[in-house]
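> Structure below; questions to follow.
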Amino acid sequence: MSVARLLVVGTWLQLKMRARSAFDGVLALVYPLFFATTVFLMFRQGGESGALVGAAVGASVMGVWSAVSTTASTSLQSERRQGTLELLVASPTHFPLIVVPITLSMAIIGLWSLVTTLLWGRLVFGIDVRIDDPAGFVAAALVTVLAIALVGYLLAVSAVRYRGAWAFGTALELPVWLICGFLVPLGQLPSWVRPISWLLPPTWGVSAVKHAAEGSSPWLDITVCVAVAACYAVLATAVCTRLLRSARAAATLSLT
Amino acid sequence: MTTSLRIFFRGGLTSYRALFTWLSPWILIPTFIVEPVFQVLFFAAVGRTAGVNDNSFYLIGNAVQYAAIPCLFAMSNTIGGERYSQTLSLLLVSPARRTPLFLGRALPVIVNGFACSVVALAVGALALGVTLAPVTWLPLALVVAVCSFACTGLGLVTAGLALRVRETAVLANIVFGVLLIFCGTNVPLSALPGWMAAVGGWLPMTHGIAAARELAGGSRLSDVTGLIAQELGVGLLYIVIGLGLLAFFESESRRRATLEIA
Numbered sequence: 001m002s003v004a005r006l007l008v009v010g011t012w013l014q015l016k017m018r019a020r021s022a023f024d025g026v027l028a029l030v031y032p033l034f035f036a037t038t039v040f041l042m043f044r045q046g047g048e049s050g051a052l053v054g055a056a057v058g059a060s061v062m063g064v065w066s067a068v069s070t071t072a073s074t075s076l077q078s079e080r081r082q083g084t085l086e087l088l089v090a091s092p093t094h095f096p097l098i099v100v101p102i103t104l105s106m107a108i109i110g111l112w113s114l115v116t117t118l119l120w121g122r123l124v125f126g127i128d129v130r131i132d133d134p135a136g137f138v139a140a141a142l143v144t145v146l147a148i149a150l151v152g153y154l155l156a157v158s159a160v161r162y163r164g165a166w167a168f169g170t171a172l173e174l175p176v177w178l179i180c181g182f183l184v185p186l187g188q189l190p191s192w193v194r195p196i197s198w199l200l201p202p203t204w205g206v207s208a209v210k211h212a213a214e215g216s217s218p219w220l221d222i223t224v225c226v227a228v229a230a231c232y233a234v235l236a237t238a239v240c241t242r243l244l245r246s247a248r249a250a251a252t253l254s255l256t
Numbered sequence: 257m258t259t260s261l262r263i264f265f266r267g268g269l270t271s272y273r274a275l276f277t278w279l280s281p282w283i284l285i286p287t288f289i290v291e292p293v294f295q296v297l298f299f300a301a302v303g304r305t306a307g308v309n310d311n312s313f314y315l316i317g318n319a320v321q322y323a324a325i326p327c328l329f330a331m332s333n334t335i336g337g338e339r340y341s342q343t344l345s346l347l348l349v350s351p352a353r354r355t356p357l358f359l360g361r362a363l364p365v366i367v368n369g370f371a372c373s374v375v376a377l378a379v380g381a382l383a384l385g386v387t388l389a390p391v392t393w394l395p396l397a398l399v400v401a402v403c404s405f406a407c408t409g410l411g412l413v414t415a416g417l418a419l420r421v422r423e424t425a426v427l428a429n430i431v432f433g434v435l436l437i438f439c440g441t442n443v444p445l446s447a448l449p450g451w452m453a454a455v456g457g458w459l460p461m462t463h464g465i466a467a468a469r470e471l472a473g474g475s476r477l478s479d480v481t482g483l484i485a486q487e488l489g490v491g492l493l494y495i496v497i498g499l500g501l502l503a504f505f506e507s508e509s510r511r512r513a514t515l516e517i518a
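Chains as they are written, first to last, in our numbering: chain L, 1 to 256; chain S, 257 to 518.
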């Protein structure tokens, strides 16, 4: 029960802080809209209304990844810069339970971006996205948010010793958009890229969201997404434990 | 005169090295090589999915437009970085003439933007299998240089606004997004709504990207001199506006004592 409370309160606290940040809050909503608008204009130029609807769904999920990739990579460095990293590590709470709410709050802001992009497509471009399986769509969107938050958790703990972590996170934004099937079907990618895509939770999350919107069952994709994301959580926890032990032993926690 | 030249060259280079903190390979390679190449690949793939335009269209558009990243961010950092280092007031209390001071900071940025675009063009062409005839390389390089110049002019405008806007990274990202949509980077101006195409005509990159596409399509340099001249003109216009904004907001900041609280 205390773990659940910690996750909820931690996420809420982080969410309130990020919502007031111009970079994490406002830009996370606005920046994906520039890409979504470009994509909408490209598909409108193509003239196929069905493809435009599919693009709207795919583009809406882009913002979730966008909200996490850069900020998650640099999140622990931000704590270090604020002088709070040592306090968090020294607290009796298991450290991963402190990091996960940080990345979860970023992904939740991405969820706002998802809604905003769909509304933008509807109001500005007249794209009428009919969701054939609303319950499946909501479940797929929430699982995608959670999965991307857990990828962010791995990024956060892995990049803690990399001073230019934000550049690493920013550089991951477009490759993930490209190879996870947000807008480009996996079948169009070179065959050697597909196994990499399958190892990334957003691939399954995006597929689930698209299936739910089209009316086919999203549950297999949701299940695989949860399973792959759980692997990321386990891996991130192992990395986190090892790095913390190393930082304590070498007294390098506050050093970049 | 000698002092102004020294401020222009030495001051500009020192400022670039000190304030533009992206010069570590750990930041430079992901930002100036990985990102632009993936922007090219991403939009080329989306274009194929949407069934519009060819690889060459997206290669030229995105590789040239990506010069905006160093041009906008580095110029914003000339103010934001000084403020972060708490040296902005020292800079603005100095008797140095402002025109060489800020234009000197722009020169290394133009070179940076140029290099970033050229690398994206070369790597993107290899990745997409686009062949650019050797005879077009030099004219293309000229167009890219002019685009970097023009976009650095817009960067000066963002630097001026940075005297009033605290979040320079947010400002630069938003301007980058505007350029992505309005400059014909991925959607030809003819396919944009009329008002968007009209706005695009007044932005840097638009005419340069059009000129680069014509060169890649086999036109000669003499065929695109009009577009290059327009790009230069737009760049000069933004430089004048940028220097004007810097002067205006500097004077406002002094009058209202708001230099450090923007």
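Ideal placement from N, C-alpha and C gives every residue a C-beta, glycine not left out.
Identify the contact partners of Phe168 (chain L) in chain S, using a Cβ-Cβ distance below 7 Å as the criterion.
As a first step, residue 168 (chain L) is located in the first sequence; it is residue number 168 there, counting from the start. Result: Pro286.
> Buried or exposed for Met62 (chain L), going by 16 or more other Cβ atoms inside 10 Å?
Working through the first sequence from its first residue, we reach residue 62 (chain L) at position 62. Result: buried.
> Helix, strand or coil for Ser60 (chain L), going by three-state DSSP, please let me know.
In the first sequence, the residue the question calls residue 60 (chain L) occupies position 60. Reduced to three states, the DSSP call for Ser60 (chain L) is helix.
> Within this structure, are the beta carbons of Ile263 (chain S) and Pro356 (chain S) separated by less than 8 Å?
Along the second sequence, read from residue 1 onward, the residue named residue 263 (chain S) stands at position 7. Along the second sequence, read from residue 1 onward, the residue named residue 356 (chain S) stands at position 100. Yes, these two residues count as a Cβ contact at 8 Å.
> Can you give me the start and stop residues for the alpha helix (DSSP H) that Ser368 (chain S) sits inside?
Residue 368 (chain S) sits at position 112 when you count from the first residue of the second sequence. A quick correction: the sequence has Asn, not Ser, at residue 368 (chain S). Taken as a continuous stretch (DSSP letters only), the alpha helix (DSSP H) holding Asn368 (chain S) covers 354-384.
> Measuring CB to CB, does Leu76 (chain L) end up less than 8 Å from Val160 (chain L)?
As a working note, residue 76 (chain L) is residue 76 in the first sequence. As a working note, residue 160 (chain L) is residue 160 in the first sequence. Cβ distance < 8 Å, so Leu76 (chain L) and Val160 (chain L) count as in contact.
> Identify the contact partners of Glu291 (chain S) in chain L, using a Cβ-Cβ distance below 7 Å as the criterion.
Locating residue 291 (chain S) in the second sequence gives position 35, where the first residue counts as 1. In chain order: Thr170, Ala171, Leu174.
> With DSSP as the reference, label Ser280 (chain S) as helix, strand or coil.
Position 24 of the second sequence holds residue 280 (chain S). Ser280 (chain S) falls in the coil class under three-state DSSP.
> Confirm, please, whether the CB-CB distance from Ala213 (chain L) to Val57 (chain L) is below 8 Å.
The residue labelled residue 57 (chain L) in the question sits at position 57 within the first sequence. The residue labelled residue 213 (chain L) in the question sits at position 213 within the first sequence. Cβ atoms of Val57 (chain L) and Ala213 (chain L): closer than 8 Å.
> Counting only the same chain and skipping the five closest in sequence on each side, list residues whose C-beta sits under 8 Å from that of Gly110 (chain L).
Along the first sequence, read from residue 1 onward, the residue named residue 110 (chain L) stands at position 110. Taken in chain order, the residues that qualify are Ala28, Gly63, Val64, Trp65, Ser66, Ala67, Val68, Val145, Ile148.
> Which stretch, first to last residue, makes up the alpha helix (DSSP H) that contains Pro326 (chain S)?
Residue numbering aside, residue 326 (chain S) sits at position 70 when the second sequence is read from its first letter. Taken as a continuous stretch (DSSP letters only), the alpha helix (DSSP H) holding Pro326 (chain S) covers 324-340.
> Hey, out of S:Ala467, S:Ala468, S:Ala274, S:Cys439, whose CA is closest to Ala454 (chain S)'s CA?
Walking along the second sequence from the start, residue 454 (chain S) turns up at place 198. Among S:Ala467, S:Ala468, S:Ala274, S:Cys439, the Cα nearest to that of Ala454 (chain S) belongs to S:Cys439.
> Closer than 9 Å, Cβ to Cβ, to anything on chain S: give me those residues from the stretch 28-40 of chain L, in chain order.
So the list reads Val30, Tyr31, Leu33, Phe34, Phe35, Thr37, Thr38, Val39, given in the order they occur along the chain.
> Inspect the beta-carbon positions of Ala135 (chain L) and Ile222 (chain L) and report whether they are closer than 8 Å.
Taking the first sequence and counting its residues from 1, the one referred to as residue 135 (chain L) is at position 135. Taking the first sequence and counting its residues from 1, the one referred to as residue 222 (chain L) is at position 222. For Ala135 (chain L) and Ile222 (chain L), no; Cβs fall outside 8 Å.
> When the cut-off is 8 Å and only beta carbons count, does Ala222 (chain S) lie next to chain L?
Outside the shown range of chain S, which is 257 to 518, sits residue 222 (chain S), and nothing can be said about it.
> Nearest CA to the CA of Val143 (chain L): which residue from L:Thr203, L:Val129, L:Asp132?
On the first sequence, residue 143 (chain L) is found 143 positions in, with the first residue counted as 1. When only C-alpha atoms are compared, the closest one is L:Thr203.
> What three-state label does DSSP hand Ile109 (chain L) in the structure shown?
Here residue 109 (chain L) is taken as the residue at index 109 of the first sequence, counted from 1. DSSP places Ile109 (chain L) in helix when its eight states are reduced to three.
> Kindly list the residues whose CB is nearer than 6 Å to the CB of Leu445 (chain S), restricted to its own chain and excluding five residues on each side of it in sequence; keep chain order.
For the purposes of this step, residue 445 (chain S) is taken as the residue at position 189 of the second sequence. Excluding positions up to five away in sequence, the list reads Ala453, Gly456.
> Which value, in whole angstroms, describes the spacing of the CA atoms of Val379 (chain S) and Phe299 (chain S)?
Taking the second sequence and counting its residues from 1, the one referred to as residue 379 (chain S) is at position 123. Taking the second sequence and counting its residues from 1, the one referred to as residue 299 (chain S) is at position 43. If I take the Cα positions, the gap works out to 15 Å.
> Nearest to Arg354 (chain S) by CA position, among S:Gly464, S:Pro449, S:Gly482, S:Gly268, is which residue?
Numbered from 1 along the second sequence, position 98 holds the residue referred to as residue 354 (chain S). It is S:Gly268 whose Cα lies nearest to the Cα of Arg354 (chain S).
> Is there at least one Cβ from chain L nearer than 8 Å to Asn368 (chain S)'s Cβ?
Taking the first residue of the second sequence as position 1, residue 368 (chain S) is located at position 112. For Asn368 (chain S), the answer is no, since every Cβ of chain L falls outside 8 Å of its Cβ.
> Determine, using beta carbons only, whether Ala383 (chain S) and Leu297 (chain S) come nearer to each other than 8 Å.
In the second sequence, residue 383 (chain S) corresponds to position 127, counting from 1. In the second sequence, residue 297 (chain S) corresponds to position 41, counting from 1. For Ala383 (chain S) and Leu297 (chain S), yes; Cβs fall inside 8 Å.
> Out of curiosity, what's the CA-to-CA distance linking Leu488 (chain S) and Val399 (chain S)?
For the purposes of this step, residue 488 (chain S) is taken as residue 232 along the second sequence, with counting starting at 1. For the purposes of this step, residue 399 (chain S) is taken as residue 143 along the second sequence, with counting starting at 1. Between Leu488 (chain S) and Val399 (chain S), the C-alpha separation is close to 10 Å.
> Would you say Phe23 (chain L) faces chain S, with C-beta separation under 8 Å as the test?
The residue given as residue 23 (chain L) occupies position 23 in the first sequence. So yes, Phe23 (chain L) belongs to the interface.
> Using a Cβ cut-off of 9 Å, which residues of the stretch 40-53 of chain L contact any Cβ in chain S, in chain order?
The residues in question are Leu41, Met42, Phe43, Arg44, Gln45, Gly46, Gly47, Glu48, Ala51, Leu52.
> Where does the unbroken alpha helix (DSSP H) through Leu189 (chain L) begin, and where does it stop?
As a first step, residue 189 (chain L) must be located in the first sequence, where it is residue number 189. Neither: Leu189 (chain L) is in no alpha helix (DSSP H) and is coded neither H nor E.
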